[in-house]
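Student:
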Amino acid sequence: MRAFEYVSPNSKAQAMSLLATAWGKTEIIAGGTDLLALMKDDVVSPRRLINLKEVKDLHGISSGSNGMRIGALTTLDEIASNAEIKENFPAFADALMEVASPQIRNQATLGGNLCQRPRCWYFRNGFGLLPKDETGKDLVEPGENRYHAILGNSGRAKFVSPSTIAPILIAYGARVRVESPKGKRDLPLEKFFLTPKSEAEREHDLRPNEIVTELVLPLATNVRAAHYEIRQKEAFDWPLAVAAVALTTNGSSVTSARVVLGHVAPVPWRSPAAEQTLTGQQVNRSTAENAAQAAVAAATPLSGNAYKVQLARVAVKRAIMKAAGGVA
Amino acid sequence: MPDWDPTRKNPEEKPDDSGVSRRDFLRISGITAAIPLVAKPKLVMAAGEQIPVHGPGKVAMQFNVNGKTYKADLEPRVTLLDALRDQFEITGAKRVCDRGECGACTVLMDGKTVYACSVLAIEAQGKSIVTVESLMHDGALHPIQQAFVENDASQCGFCTPGFVVACKAMLDRNPNPTPEDIRHGLSGNLCRCGTYDGIRKAIAQVAQKGA
């Protein structure tokens, strides 16, 4: 790891004024579980780290009439252990308990989870987000792409969005607050994730001197939600496919649905086709299968990852059945 | 119980002529590069206030490890794991993957398990750090360590300190774990020898008896 300067601001204003206005010079350190690995491997080499853990108003969970707010610096374990989160957003609590390992959950933060960098092995070995060789030829398409994207992969970006909790948060309609020296902005979490078109772009709607400060979860009434992951290992493994579903029902049939896939595209992948298929229907094995088929109908697998289409389809079907209270 | 005692010297073994252990050798060979040079932190203006910038050179740091105070001058890039092992000779936590993937460096920070390789030492100041070294009392193994011995829960032993710390944290939080709780609670530690079955039995034994 290269040497760097380390600063611990104690307010958001201080933190934002310390961040550089261009990528690369400064990095935010929250839990550090992803950043330190990136720095050890020279994928990023900031000259200065800005520690956010001493900024007190970025930490904690509160609930109001509109929903719950979670500070970006709250650890995943603190959120997963919170009784109100478990009661109001059980599928989010489920997803949190599947993240990495107990040690990581004790240290990693919500904001860090949403801002973590892709696991693409080309990226992690210094070939960039849109890996290419010295002649400019894409490395992923003819290369080792078994864990890469099967949807949203028609551009240069073939990596998959790494956060395993983003899909269920999007399904629950979460909004994220981003603050910069110029002010605050709130955006739906699904708009926070972007597919970069050049190496100058990043995978988040975040400028170098902006900070994710909190997440807001709107109260979910009459919503049944579920999170389902398919992994090679039982635990502590990156998923091959994630599906998150939130169904609003009028008792017997679905009045609206959100279906979000993870680890299949450069962003958490919302499927309007699957959502439409479910709307107005009673959930049973047949409607779940139809929606799951719709979710992957547009898949364009690469040379080595067609198997993920089947996994994504099954994940969606099982998440729908789980949300409806049926057997997965 | 194994009849082989790892602490007993093999009488056939020749003493090491140099009298220098591997750790001593590494330390001696590093001395020339270790000229302490601690500058006072410079100050930067941030939102109208002056705040200190530490590094990139050495910074005077102080730690609380197993109830004792340790001091060292370290660069901000030094991890807690490297500080424990290379500065304070607290070598129970092992450096294996150094990427937060294997669990061999598991320690407790303010009572919660963390990977010491993934914590900057500068951020571990002011926290209570507990390593596997603190578990033995008056030469007696901690009940979890004893259960590891009795259930054949280690082979090469390199992952064992991390596992023992992770087991202790899990049992402190959940004294009566189900088999699934044990599998999930210990998922952050890997054993390449495959002693998982022995470890699960050790935990079940401790849970029954109480630690």
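Protein chains in written order, with this note's numbering: chain F, 1 to 328; chain E, 1001 to 1211. Here a beta-carbon is modelled for each residue, glycine too, at the ideal position from N, C-alpha and C.
1. Out of GLU78/F, ALA91/F and ASP133/F, state which residue places its alpha-carbon closest to the alpha-carbon of ASN412/F.
2. For LYS1168/E, which residues in the same chain have their Cβ closer than 6 Å to its Cβ, ignoring the five residues on either side in sequence?
3. Report buried or exposed for GLY1185/E, applying the criterion of at least 16 other Cβ atoms within 10 angstroms of its Cβ.
4. Looking at the structure shown, is VAL1096/E part of a helix, part of a strand, or coil, going by DSSP?
5. Is it buried or exposed, ARG156/F, if we count other Cβ atoms within 10 angstroms and call 16 or more buried?
6. Anyone know if the C-beta pair for PRO196/F and LEU129/F falls short of 8 Å?
7. Using a threshold of 8 Å, state whether the C-beta atoms of LEU329/F and VAL178/F are closer than that.
8. Check LEU49/F in the structure and name its three-state DSSP category.
9. Give a yes or no on whether the minimum CB-CB distance between THR26/F and chain E is below 8 Å.
10. At a Cβ threshold of 8 Å, is LYS1094/E touching chain F?
11. When you compare the CB positions of PRO218/F and GLY111/F, do they come within less than 8 Å of one another, or not?
12. Going by C-alpha distance, which of PHE127/F, SER253/F, ARG285/F and ILE165/F is nearest LEU96/F?
13. Based on the DSSP output, what are the partners of HIS263/F in its beta bridges?
14. Does the distance from the C-beta atom of THR109/F to that of ALA30/F stay below 8 Å?
15. Taking the DSSP output, what are the residues bridged to GLY1188/E?
16. Looking at the secondary structure, which residues open and close the alpha helix (DSSP H) in which GLY112/F lies?
17. Scan the segment 71-133 of chain F and note each continuous alpha helix (DSSP H) run of 4 residues or more that stays entirely inside, going in chain order.
18. Quick check for students: name the residue ranges of the alpha helix (DSSP H) that lie wholly in the segment 1073-1127 of chain E, counting only runs of 4 or more.
19. What separation, rounded to the nearest whole angstrom, lies between the Cα atoms of LEU1043/E and SER62/F?
20. Since ASP186/F is in the beta strand (DSSP E), which residue starts that stretch and which ends it?
21. Taking a cut of 8 Å between CB atoms, which residues from the segment 1072-1083 of chain E lie near chain F?
22. Say whether the segment 1048-1059 of chain E touches the segment 1087-1107 of chain E, bearing in mind that this needs 3 or more beta-carbon pairs closer than 8 Å, one atom from each stretch.
23. Just reading off the beta strand (DSSP E) that THR383/F is part of, what are its end residues?
24. Drop a sphere of 10 angstroms on the beta-carbon of THR1079/E, count the other beta-carbons inside from all chains shown, and report buried for 16 or more, exposed for fewer.
25. Would VAL1038/E be called buried (16 or more neighbouring beta carbons within 10 Å of its own) or exposed?
26. Check the Cβ of GLY126/F against every Cβ in chain E and list those closer than 7 Å, keeping chain order.
27. Is it a yes or a no for the segment 296-304 of chain F touching the segment 141-152 of chain F, going by three-plus beta-carbon pairs under 8 Å?
28. With 8 Å as the threshold, decide whether the Cβ of ALA1047/E is near any Cβ in chain F.
29. By the DSSP assignment, the alpha helix (DSSP H) with SER17/F in it spans what residues?
30. Taking 8 Å as the threshold (C-beta atoms), are ALA1166/E and GLY1188/E in contact?
31. Quick check: is the beta carbon of TYR1196/E nearer than 8 Å to any beta carbon in chain F?
32. Does the beta carbon of VAL1065/E come closer than 8 Å to any beta carbon on chain F?
33. Determine, using beta carbons only, whether LEU1171/E comes closer than 8 Å to chain F.
34. Distance, Cα to Cα, GLY183/F vs ASN209/F?
35. Closest by CA to MET321/F, which one among GLY32/F, ARG224/F and ILE168/F?
36. Buried or exposed for ALA1140/E, going by 16 or more other Cβ atoms inside 10 Å?
Tutor: This is what the structure gives:
1. A question about residue 412/F goes unanswered here, because the residues of chain F that appear run from 1 up to 328.
2. The residue you call residue 1168/E lines up with position 168 of the second sequence. Excluding positions up to five away in sequence, the list reads ILE1144.
3. In the second sequence, counting from the first residue as 1, residue 1185/E sits at position 185. The residue in question, GLY1185/E, is buried, as its Cβ has 16 or more Cβ neighbours within 10 Å.
4. Numbered from its first residue, the second sequence carries residue 1096/E at position 96. It is coil, neither helix nor strand.
5. In the first sequence, counting from the first residue as 1, residue 156/F sits at position 156. Looking at its Cβ environment, which holds 16 or more other Cβ atoms inside 10 Å, ARG156/F is buried.
6. Within the first sequence, the letter at position 196 stands for residue 196/F. Within the first sequence, the letter at position 129 stands for residue 129/F. Taking 8 Å as the Cβ cut-off, PRO196/F and LEU129/F qualify as a contacting pair.
7. Beyond the ends of chain F as shown, which are 1 and 328, falls residue 329/F; an answer cannot be given.
8. As a working mapping, residue 49/F is identified with position 49 in the first sequence. The answer is strand: DSSP assigns LEU49/F an E or B state.
9. Here residue 26/F is taken as the residue at index 26 of the first sequence, counted from 1. No, because no Cβ of chain E sits closer than 8 Å to the Cβ of THR26/F.
10. For the purposes of this step, residue 1094/E is taken as the residue at position 94 of the second sequence. LYS1094/E does not count as touching chain F.
11. Locating residue 218/F in the first sequence gives position 218, where the first residue counts as 1. Locating residue 111/F in the first sequence gives position 111, where the first residue counts as 1. The answer is no: Cβ separation not under 8 Å.
12. Taking the first sequence and counting its residues from 1, the one referred to as residue 96/F is at position 96. It is ILE165/F whose Cα lies nearest to the Cα of LEU96/F.
13. Numbered from its first residue, the first sequence carries residue 263/F at position 263. According to DSSP, HIS263/F bridges with nothing at all.
14. As a working note, residue 109/F is residue 109 in the first sequence. As a working note, residue 30/F is residue 30 in the first sequence. In this structure, ALA30/F lies closer than 8 Å to THR109/F by Cβ.
15. Along the second sequence, read from residue 1 onward, the residue named residue 1188/E stands at position 188. Looking at the DSSP assignment, GLY1188/E forms no beta bridge with any residue, so it has no partner.
16. Here the question's residue 112/F lines up with position 112 in the first sequence. GLY112/F -> alpha helix (DSSP H) spans 110-115.
17. 76-80, 83-88, 90-97, 102-107, 110-115 and 121-124
18. 1121-1124
19. What you label residue 1043/E is simply residue 43 of the second sequence in a count that begins at 1. What you label residue 62/F is simply residue 62 of the first sequence in a count that begins at 1. Each residue's alpha carbon lies about 35 Å from the other.
20. Counting from 1 along the first sequence, the entry for residue 186/F is found at position 186. That run of the beta strand (DSSP E) goes 183-188.
21. GLU1075, PRO1076, ARG1077 and THR1079
22. no
23. Because chain F in this structure spans residues 1 to 328, residue 383/F falls outside the shown range and cannot be described.
24. Working through the second sequence from its first residue, we reach residue 1079/E at position 79. That one is buried.
25. In the second sequence, the residue the question calls residue 1038/E occupies position 38. Exposed.
26. The residue labelled residue 126/F in the question sits at position 126 within the first sequence. The premise fails here: GLY126/F is roughly 15 Å from chain E at the closest Cβ pair, so nothing lies under 7 Å.
27. yes
28. The residue given as residue 1047/E occupies position 47 in the second sequence. Judged by the 8 Å Cβ criterion, ALA1047/E is in contact with chain F.
29. In the first sequence, the residue the question calls residue 17/F occupies position 17. Note, SER17/F: alpha helix (DSSP H), 12-18.
30. For the purposes of this step, residue 1188/E is taken as residue 188 along the second sequence, with counting starting at 1. For the purposes of this step, residue 1166/E is taken as residue 166 along the second sequence, with counting starting at 1. Taking 8 Å as the Cβ cut-off, GLY1188/E and ALA1166/E qualify as a contacting pair.
31. Residue 1196/E sits at position 196 when you count from the first residue of the second sequence. Output row for TYR1196/E: interface = no.
32. Position 65 of the second sequence, counting from 1, holds the residue named residue 1065/E. Not one chain F Cβ lies under 8 Å of VAL1065/E.
33. Against the second sequence, residue 1171/E aligns to sequence position 171. Closer than 8 Å: no.
34. As a working mapping, residue 183/F is identified with position 183 in the first sequence. As a working mapping, residue 209/F is identified with position 209 in the first sequence. If you take the alpha carbons of GLY183/F and ASN209/F, they lie about 11 Å apart.
35. On the first sequence, position 321 is the one that residue 321/F refers to. Of the listed residues, the one whose Cα sits closest to MET321/F is ARG224/F.
36. Taking the first residue of the second sequence as 1, we reach residue 1140/E at position 140. ALA1140/E is exposed by the Cβ-count criterion.
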